[in-house]
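J.: Numbers given in our numbering equal positions in the sequence shown, counted from 1, plus 4.
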Amino acid sequence: MSDVIDVLRDQYNATVSQQKDWHFFLFLMDYMAFVRETPALKSIMNLVEKEKHEKIDEMKKAEEKAVLELQEVKKRFLAEIVKRKIKCEGLSEGLSRLKELEAGKINPRHWKSERLGRGITDLIEITLGHAAWTKEYEVIKSSKKYVYRWGLSMLFRERKKNALWGIYDKLNMVSAIAFDSNGVLDKLKKEGKDTEDCEQWINEIELIKNDGKDVTRFSFQFGQDIPFSSSKDKRVKEFKRDDYKFYLERLHFHLLKELAKSLANQTSNDTGGFSFDNKQLEHKGVPIVVAKSKNTNQYFLLELLLENPKRLWNNDEIWEKLFKTPYRASEWKKIYNAAYDLNDKIAKQTGVDDLVERTRTTTRFSPKYLKK
Numbered sequence: 005m006s007d008v009i010d011v012l013r014d015q016y017n018a019t020v021s022q023q024k025d026w027h028f029f030l031f032l033m034d035y036m037a038f039v040r041e042t043p044a045l046k047s048i049m050n051l052v053e054k055e056k057h058e059k060i061d062e063m064k065k066a067e068e069k070a071v072l073e074l075q076e077v078k079k080r081f082l083a084e085i086v087k088r089k090i091k092c093e094g095l096s097e098g099l100s101r102l103k104e105l106e107a108g109k110i111n112p113r114h115w116k117s118e119r120l121g122r123g124i125t126d127l128i129e130i131t132l133g134h135a136a137w138t139k140e141y142e143v144i145k146s147s148k149k150y151v152y153r154w155g156l157s158m159l160f161r162e163r164k165k166n167a168l169w170g171i172y173d174k175l176n177m178v179s180a181i182a183f184d185s186n187g188v189l190d191k192l193k194k195e196g197k198d199t200e201d202c203e204q205w206i207n208e209i210e211l212i213k214n215d216g217k218d219v220t221r222f223s224f225q226f227g228q229d230i231p232f233s234s235s236k237d238k239r240v241k242e243f244k245r246d247d248y249k250f251y252l253e254r255l256h257f258h259l260l261k262e263l264a265k266s267l268a269n270q271t272s273n274d275t276g277g278f279s280f281d282n283k284q285l286e287h288k289g290v291p292i293v294v295a296k297s298k299n300t301n302q303y304f305l306l307e308l309l310l311e312n313p314k315r316l317w318n319n320d321e322i323w324e325k326l327f328k329t330p331y332r333a334s335e336w337k338k339i340y341n342a343a344y345d346l347n348d349k350i351a352k353q354t355g356v357d358d359l360v361e362r363t364r365t366t367t368r369f370s371p372k373y374l375k376k
């Protein structure tokens with residue numbers, strides 16, 4: 005775990021110390037790859053993204069209900085148009101547009117309920133002069149399920165701006181485009197998704213890569229000796245270095261904090277390599293032998309302690325179990341010495357000489373070697 009922390013810090017320091025903006029984004033790409041590929045870091049981010057996935061699932065369920073409700077609205081509305089024999093300019097185009105919106109051929113990135121609502125609303129406006137429609141067909145008011153899903157989307161959008169998972173998405177996005185912009189664009193095209201934003205981001209990355217020089221056209225700019233800054237250049241809308249440095253800082257320090265917690269928990273649960281399972285004392289998988297003969301005080305004491313490794317035994321209880329005779333206060337030394345001899349045997353095999361804690365009145369395995 006400490007190795008992961010060291011590498012993460014080195015990656016971060018290397019990233020933020022870059023002079024050129026393009027080099028900053030290249031190192032950021034490496035940093036994000038390390039986060040995604042390192043199990044300890046990946047598990048931290050899985051917990052961060054849990055909130056996002058829960059909110060998306062909630063929106064999807066609400067969307068299914070909203071679409072069903074709007075399809076009912078559409079069905080009733082179209083039936084009314086047929087019933088009233090409405091014919092007007094733009095109606096045919098409006099019906100075709102509604103069909104394309106519902107199929108996702110128009111505004112494919114938008115929620116289906118949004119597209120349906122837009123198509124129905126447009127039809128209402130087209131036919132308003134030919135029928136006095138009631139509030140039943142005012143889509144926003146008539147579909148409570150759509151309004152609910154819309155509200156969830158607005159809350160999600162606002163939450164994404166500041167949530168760590170939203171920042172993580174942004175950092176992954178710029179890393180993907182810096183690494184393989186054409187691959188990202190081709191994937192969007194194959195999936196039939198809108199590419200407008202992606203094309204803009206690719207242009208910005210190319211601009212940053214070329215230190216602000218637009219290589220697609222000849223241009224002469226005064227002040228060529230002034231270093232390019234993506235944070236100040238008005239042509240860069242998304243990939244401003246200062247913004248992404250801030251996003252990286254938030255992610256980095258969250259990861260360090262969670263790694264420190266894990267390391268602390270690991271340390272608190274460190275048994276020093278001892279195992280007490282199945283009434284067998286082992287050290288790093290190797291059984292510990294305390295005596296060649298089982299007929300020794302050390303052997304019987306170890307056997308008793310292994311019955312319940314976390315128990316604090318009173319010496320009178322130990323005496324009566326081992327020797328089957330009533331305990332006298334003067335007998336404490338015999339148990340104390342047996343514990344001393346047991347520690348000595350263990351130390352010779354493990355290097356640990358304090359596994360068994362002993363006093364004049366109690367004996368037990370030291371809690372620091374037991375799992376919490």
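Beta carbons are placed, not taken as given, at the ideal position from N, Cα and C, and that holds for glycine. Treat the numbers as computed from the prediction; the structure is a model and nothing was measured.
What is the DSSP secondary structure of W317, counted as helix, strand or coil?
T.: In the sequence shown, counting from the first residue as 1, residue 317 sits at position 313. In this structure, W317 counts as strand in the three-state DSSP scheme.
J.: Roughly how many angstroms lie between the CA atoms of A264 and I48, to the nearest whole one?
T.: As a working note, residue 264 is residue 260 in the sequence shown. As a working note, residue 48 is residue 44 in the sequence shown. Taking the straight line from one Cα to the other gives about 12 Å.
J.: Just tell me which of D173, V240, Y340 has its CA closest to the CA of Q204.
T.: In the sequence shown, residue 204 corresponds to position 200, counting from 1. The candidate whose alpha carbon is nearest that of Q204 is V240.
J.: Counting Cβ pairs closer than 8 Å, one from the stretch 231-239 and one from the stretch 185-205, do we hit at least three?
T.: The stretch 231-239 makes no contact with the stretch 185-205: fewer than 3 CB pairs, one atom from each, lie closer than 8 Å.
J.: In the DSSP assignment, find the unbroken alpha helix (DSSP H) run with F160 in it and report its ends.
T.: Here residue 160 refers to the residue found at position 156 when the sequence shown is read from its first residue. Looking at the DSSP string, the run of the alpha helix (DSSP H) that includes F160 is 148-166.
J.: Counting C-beta neighbours from all protein chains within 10 Å, is the total for I230 16 or more, i.e. buried, or is it exposed?
T.: For the purposes of this step, residue 230 is taken as the residue at position 226 of the sequence shown. When all chains shown are included, I230 counts as exposed.
J.: Of all the alpha helix (DSSP H) runs that stay within the bounds of the stretch 272-350, which reach a length of 4 or more residues?
T.: Fully contained in the stretch 272-350 are the following alpha helix (DSSP H) runs of length 4 or more, in chain order: 301-311, 319-327.
J.: Are L374 and P313 closer than 8 Å when you measure CB to CB?
T.: Numbered from 1 along the sequence shown, position 370 holds the residue referred to as residue 374. Numbered from 1 along the sequence shown, position 309 holds the residue referred to as residue 313. A contact, by the Cβ cut-off of 8 Å.
J.: Please list the terminal residues of the continuous beta strand (DSSP E) segment that includes F369.
T.: Numbered from 1 along the sequence shown, position 365 holds the residue referred to as residue 369. 366-369 is the span of the beta strand (DSSP E), which, as asked, contains F369.
J.: I2: which of S96, H258, T329 sits nearest, CA to CA?
T.: Given that the chain is displayed from residue 5 to residue 376, the structure contains no residue 2 and the question cannot be resolved.
J.: Write down the C-beta distance between L175 and L72 rounded to the nearest angstrom, noting that I regard them as a contact closer than 8 Å.
T.: Within the sequence shown, residue 175 is the residue found at index 171, counting from 1. Within the sequence shown, residue 72 is the residue found at index 68, counting from 1. Wrong, their Cβ atoms sit about 37 Å apart, outside the cutoff.
J.: I need the DSSP call for K46, collapsed to helix, strand or coil.
T.: Residue mapping note: residue 46 aligns to position 42 of the sequence shown, counting from 1. K46: helix per DSSP, three-state reduction.
J.: Which of the three DSSP states is assigned to E242 in this structure?
T.: As a first step, residue 242 must be located in the sequence shown, where it is residue number 238. Coil at E242, not helix or strand.
J.: For the 8 Å Cβ check, are there 3 or more pairs between the stretch 319-335 and the stretch 284-300?
T.: no
J.: Could you pull the start and end residues of the beta strand (DSSP E) that Q361 belongs to?
T.: Within the sequence shown, the letter at position 357 stands for residue 361. Sequence inspection shows Glu at residue 361; the Gln mentioned does not correspond to that position. Residues 360-362.
J.: Roughly how many angstroms lie between the CA atoms of N296 and P371, to the nearest whole one?
T.: Within the sequence shown, numbered from 1, the residue matching residue 296 stands at position 292. Within the sequence shown, numbered from 1, the residue matching residue 371 stands at position 367. The residue you asked about is not Asn; residue 296 is Lys in the sequence shown. Roughly 27 Å between the two C-alpha positions.
J.: Is V294 near the ligand SAM, judged by its Cβ being under 7 Å from some heavy atom?
T.: Absent from the structure shown: the ligand SAM. Ligands present: none.
J.: Considering only residues of the same chain and omitting the five flanking positions on each side of A66, which have a CB-CB separation below 8 Å?
T.: Start at 1 with the first residue of the sequence shown, and residue 66 comes out as number 62. Around A66: K149, Y152, R153, L156.
J.: Work out the CA separation of S179 and L32 for me, nearest whole Å.
T.: As a first step, residue 32 is located in the sequence shown; it is residue number 28 there, counting from the start. As a first step, residue 179 is located in the sequence shown; it is residue number 175 there, counting from the start. C-alpha separation (whole angstroms): 7 Å.
J.: Whole angstroms are fine: how far does the CA of I212 sit from the CA of L12?
T.: For the purposes of this step, residue 12 is taken as the residue at position 8 of the sequence shown. For the purposes of this step, residue 212 is taken as the residue at position 208 of the sequence shown. Spanning the two alpha carbons is a distance of roughly 25 Å.
J.: Does the stretch 279-288 touch the stretch 304-321, meaning 3 or more C-beta pairs lie closer than 8 Å?
T.: yes
J.: Taking the alpha carbon of Y340 as the reference point, which residue from E76, N301, E55 has its own alpha carbon closest?
T.: Numbered from 1 along the sequence shown, position 336 holds the residue referred to as residue 340. It is N301 whose Cα lies nearest to the Cα of Y340.
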